[in-house]
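Numbering (the numbering used here), first residue to last: 24 to 293. By construction, the Cβ of each residue, glycine as well, lies at the ideal position given by its N, Cα and C atoms. As the structure is a computational prediction, the values presented were derived from the model and not from experiment.
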């Protein structure tokens, strides 16, 4: 017997699909929605994904619920646009991810075996490689990395590269070696900046960031989460100063701004 909640969920999803379809109706639809393409929606997909991440960090379930809905809308819009071109529809998207999850979790859906997280990760990587073999490639590891990092921001790409490299033997023996590498890269960055060579300096600051990312990896820290917290903390301190200082910030002395910055650190306790 079909669960009542599943029936209601199906109705709600179908209603949402109908609403998006109406928005894209060539005669009575919304001009903005009709104008959108897969390409034009890229900034909105990224924005909504970051909004979801922000709601998670804020531990705000109401905000998270709303932002997940906004992200779902982006997926359904893409499905609707593809359907209009007879490429695929929402049903195809659901079928593909369902089949993929079952295929990549044989320990759950086939063997019914208890496995470690490490074994799960190994299963996942092996199955992914079997799904999309790189025929006749002389450098399959590099080729797969290129494909994987292509859509990623540079920081995420560096994390992916570092993790993969460590698995195939490109790894430091101890954390002190990475710290030594960081100090070495910082000196090279200083030298490049003295030369006023932008291209070289950018390369060196990239090396510094790559090394920092590896220090984070070794200590099981998230660069993304750490920087997000720093950004939030900076804005909170700036807000405190704006609320408590007399006059516009740009008219204050450097010394006074520094005094209020210290006050913000004390009063906000971080």
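**Report entry** Cα-Cα separation between residue 128 and residue 286, rounded to whole angstroms
**Finding:** 53 Å
Requested in this report: Given a cut-off of 8 Å, decide if residue 204 and residue 234 are closer than it, judged by their beta-carbon atoms.
Outcome: yes
Requested in this report: Going by CA-CA distance only, name the one from 72, 110 and 111 that's closest to residue 92.
Outcome: 72
Query raised in the report: Per DSSP, what kind of secondary structure is residue 28 in: helix, strand or coil?
Result: helix
**Report entry** Own chain, CB closer than 7 Å to residue 44, minus 5 neighbours either side, in chain order
**Finding:** 103
Report task. Spatial neighbours of residue 240 within its chain, please: CB distance less than 7 Å, with the 5 preceding and 5 following residues excluded, ordered by chain position. Result -> 182, 185 and 186
Report task. Identify, in the order they occur along the chain, each residue of the same chain with its Cβ nearer than 7 Å to the Cβ of residue 126, setting aside the five sequence neighbours on each side. Result -> 150
Query raised in the report: Would the beta-carbon of residue 199 fall within 8 Å of that of residue 211?
Result: no
Query raised in the report: Which value, in whole angstroms, describes the spacing of the CA atoms of residue 170 and residue 180?
Result: 11 Å
Query raised in the report: If you check the beta carbons only, do residue 75 and residue 97 fall under 8 Å apart?
Result: no
Requested in this report: Report buried or exposed for residue 100, applying the criterion of at least 16 other Cβ atoms within 10 angstroms of its Cβ.
Outcome: buried
Query raised in the report: Which residues in the same chain as residue 264 place their Cβ atom closer than 6 Å to its Cβ, once the five residues preceding and following it in sequence are excluded?
Result: 283 and 287
Query - residue 309 - DSSP class collapsed to helix/strand/coil - result: With the chain covering 24 to 293 only, the question about residue 309 has no answer from this structure.
Query - residue 128, enclosing alpha helix (DSSP H) - first and last residue - result: From DSSP, residue 128 is part of no alpha helix (DSSP H); its letter is neither H nor E.
Query - Span of the alpha helix (DSSP H), counted from its first residue to its last, around residue 258 - result: 246-267
Query raised in the report: Could you check where the alpha helix (DSSP H) with residue 153 kicks off and where it finishes?
Result: 140-154
Query - Any C-beta of chain B under 8 Å from that of residue 92 - result: The structure shown contains no chain B, having only a single protein chain.
Query - Contact under 8 Å by Cβ, residue 78 with residue 70 - result: no
Report task. Just the C-alpha distance for residue 267 and residue 114, rounded to the nearest angstrom, thanks. Result -> 55 Å
**Report entry** Euclidean distance between Cα positions of residue 164 and residue 154
**Finding:** 15 Å
Report task. With a threshold of 16 other CB atoms inside 10 Å of the CB of residue 65, please say whether the residue is buried or exposed. Result -> exposed
Requested in this report: In angstroms with no decimal places, state the Cα-to-Cα distance between residue 47 and residue 56.
Outcome: 6 Å
Report task. Drop a sphere of 10 angstroms on the beta-carbon of residue 136, count the other beta-carbons inside from all chains shown, and report buried for 16 or more, exposed for fewer. Result -> exposed
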